[in-house]
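Working notes, beginning with the structure itself.
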Amino acid sequence: MEEWTMTIYTGKTEEAAIAAGLTALNSRRDQVVIKVVATPRKGWLGIGRREAMVDIVLKTVAEASSAAPVPESSAAVVRSTEPTSSAAASVAPVAAETATDAPSASSEPTVTPQERRKRREAAIEAVQDYLATIVEQLGIDATIDAEAGAHRQVRLVFTTDKEGLLIGKHGRTINALQSLAQLFLNHHGAAHVELELDVANYRERRAATLSRLAESTAREVVATGKPIYLDPMPSFERKQIHAVLSKNRYVTTYSAGKEPHRAVVIEPA
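Residue numbering for the sequence shown is 1 to 269, as defined by UniProt numbering.
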């Protein structure tokens with residue numbers, strides 16, 4: 001029995017995507033089953049922009065698929081009107097590809113660079129919806145803007161009048177949100193994208209604080225001749241400490257411990 005796999009067609013609008021699919025399948029609208037996977041969005045400076053994406057299959061295939069149980073991980077995702085489902089709907093094509101019971105790579109169609117880019121943009125769009133839902137549940141009214149950073153880097157900048165609540169004590173809240181967002185991308189086809197969350201220039205101010213901490217601690221280590229363990233930090237902050245002291249010939253740095261309690265150690269060279 002033939003399995004119903006997702007066949008994605010794209011267009012600037014949903015109707016354009018459907019028309020492209022009908023043309024490719026050489027079929028009429030009443031001969032197919034159409035499911036909207038993602039609606040079009042303009043994005044911001046090209047980040048998060050995507051075309052409409054629809055899944056179109058011939059009714060004979062859809063009927064054969066409905067006659068037998070389909071594993072949940074490989075089932076096509078139907079667009080929902082619930083606000084919290086937008087993230088899952090946006091990344092449905094990726095979820096279908098990564099299902100454990102999917103066909104082998106040799107039997108799957110080749111993914112073009114253009115399609116890969118569209119899926120990456122859809123994942124970035126989806127993670128914005130994902131974060132917006134979490135922040136709303138925290139009682140924070142905020143907007144999120146995407147900004148292109150360096151190669152494969154994306155910054156999501158929050159605008160809110162509750163900056164302190166969003167940052168949290170020692171940055172714990174925004175760091176936790178950044179970790180969740182990065183995991184979301186890793187599991188939805190954009191593992192190569194490096195994501196940074198920011199609000200009220202917190203990252204820039206934090207980087208300056210870490211630089212001063214690294215330098216003052218290094219002076220103390222040289223003066224006492226004893227190693228010093230800094231407080232646990234996320235990996236991207238530990239990298240900043242290592243970078244600041246990388247050219248200091250009087251001290252060496254390394255990380256010790258296990259996440260989330262991994263910390264930088266500064267000791268005499």
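Here a beta-carbon is modelled for each residue, glycine too, at the ideal position from N, C-alpha and C.
Suppose you measure from the CA of residue i to the CA of residue j; what does that come to, to the nearest Å?
i, j, result
"Glu147", "Val154", "6 Å"
"Glu194", "Thr209", "22 Å"
"Tyr9", "Pro40", "12 Å"
"Gly185", "Ile266", "Note on residue identity: the sequence assigns Leu, not Gly, to residue 185. Their Cα atoms are separated by approximately 33 Å."
"Lys162", "Gly139", "9 Å"
"Gly21", "Ile56", "7 Å"
"Leu25", "Arg119", "22 Å"
"Gly257", "Leu131", "29 Å"
"Lys12", "Glu215", "53 Å"
"Ser179", "Thr173", "10 Å"
"Ser211", "Val244", "6 Å"
"Glu136", "Asp30", "41 Å"
"Val32", "Glu15", "14 Å"
"Ala263", "Ile124", "30 Å"
"Val127", "Ala181", "6 Å"
"Ala87", "Lys247", "Annotation note: pLDDT 37 at Ala87 (below 50); position unreliable, coordinate value reported separately. Answer to the nearest angstrom: the Cα atoms are 43 Å apart."
"Val70", "Arg28", "Confidence in Val70 is poor, its pLDDT being 40 and thus under 50, which makes the residue's placement unreliable; the coordinate value appears in the next sentence. Their Cα atoms are separated by approximately 26 Å."
"residue 316", "Glu51", "An answer regarding residue 316 cannot be provided, because it is not within the stretch 1 to 269 covered by the chain."
"Gly225", "Tyr250", "10 Å"
"residue 314", "Glu259", "Since the first residue of the chain shown is 1 and the last is 269, residue 314 is not available in this structure."
"Lys59", "Ile34", "9 Å"
"Ile241", "Glu115", "38 Å"
"Pro227", "Asp145", "42 Å"
"Ala150", "Ala122", "19 Å"
"Pro113", "His261", "39 Å"
"Ala17", "Leu156", "29 Å"
"Gly164", "Ala207", "17 Å"
"Tyr254", "Thr23", "59 Å"
"Leu183", "Lys239", "19 Å"
Helix, strand or coil, according to DSSP, for residue i in the structure here?
i, result
"Lys118", "helix"
"Val54", "strand"
"Gly168", "coil"
"Asp161", "coil"
"Ala17", "helix"
"Leu195", "strand"
"Arg29", "helix"
"Ile140", "coil"
"Leu45", "Here the model assigns Leu45 a pLDDT of 42, short of 50, so the residue's position is not dependable, and the following value carries that caveat. Correct three-state label for Leu45: coil."
"Ala24", "helix"
"Ala38", "strand"
"Ala126", "helix"
"Thr110", "coil"
"Ala148", "strand"
"Thr81", "With a pLDDT of 32 at Thr81, under the threshold of 50, the modelled position of that residue is not reliable, and the figure given next carries that caveat. Coil, per DSSP."
"Ala92", "Unreliable positioning characterises Ala92 in this predicted model, as indicated by a pLDDT of 39, which lies under 50. The coordinate reading is nonetheless provided below. In the structure shown, Ala92 sits in a helix (DSSP, three-state: H, G or I)."
Taking 7 Å as the limit between beta carbons, can you name the residues of its chain near residue i, skipping five residues before and five after?
i, result
"Thr160", "Ile140, Asp141, Ala142, Leu166, Val199"
"Leu177", "Leu131, Ile134, Leu197"
"Thr252", "Glu267, Ala269"
"Gly168", "Ile174"
Which same chain residues end up closer than 8 Å to residue i when comparing Cβ atoms and leaving out the 5 residues on each side of it in sequence?
i, result
"Leu213", "Leu230, Ile241"
"Met53", "Ile8, Tyr9, Thr10, Ala17, Val36, Val37, Ala38, Pro93, Lys118, Ala122"
"Trp152", "Checking the displayed sequence, the identity of residue 152 turns out to be Arg instead of Trp. Correct list, in chain order: His192, Val193, Glu194."
"Gly171", "Tyr202, Arg206"
"Ala19", "Gly11"
CB-CB under 6 Å to residue i, same chain, minus the five flanking residues each way: which ones, in chain order?
i, result
"Thr110", "none"
(Q) Check whether the stretch 185-192 and the stretch 215-222 are in contact - that is, three or more C-beta pairs closer than 8 Å. (A) no
Q) Looking at C-beta atoms only, is the number of pairs between the stretch 225-235 and the stretch 200-209 that lie closer than 8 Å three or more? A) Fewer than three beta-carbon pairs drawn from the stretch 225-235 and the stretch 200-209 are found closer than 8 Å, and the two stretches are therefore not classed as touching.
Q: Would you list, in sequence order, the uninterrupted beta strand (DSSP E) runs of no fewer than 3 residues that lie entirely inside the UniProt domain "R3H" (204-269)?
A: You should have 251-256, 263-268.
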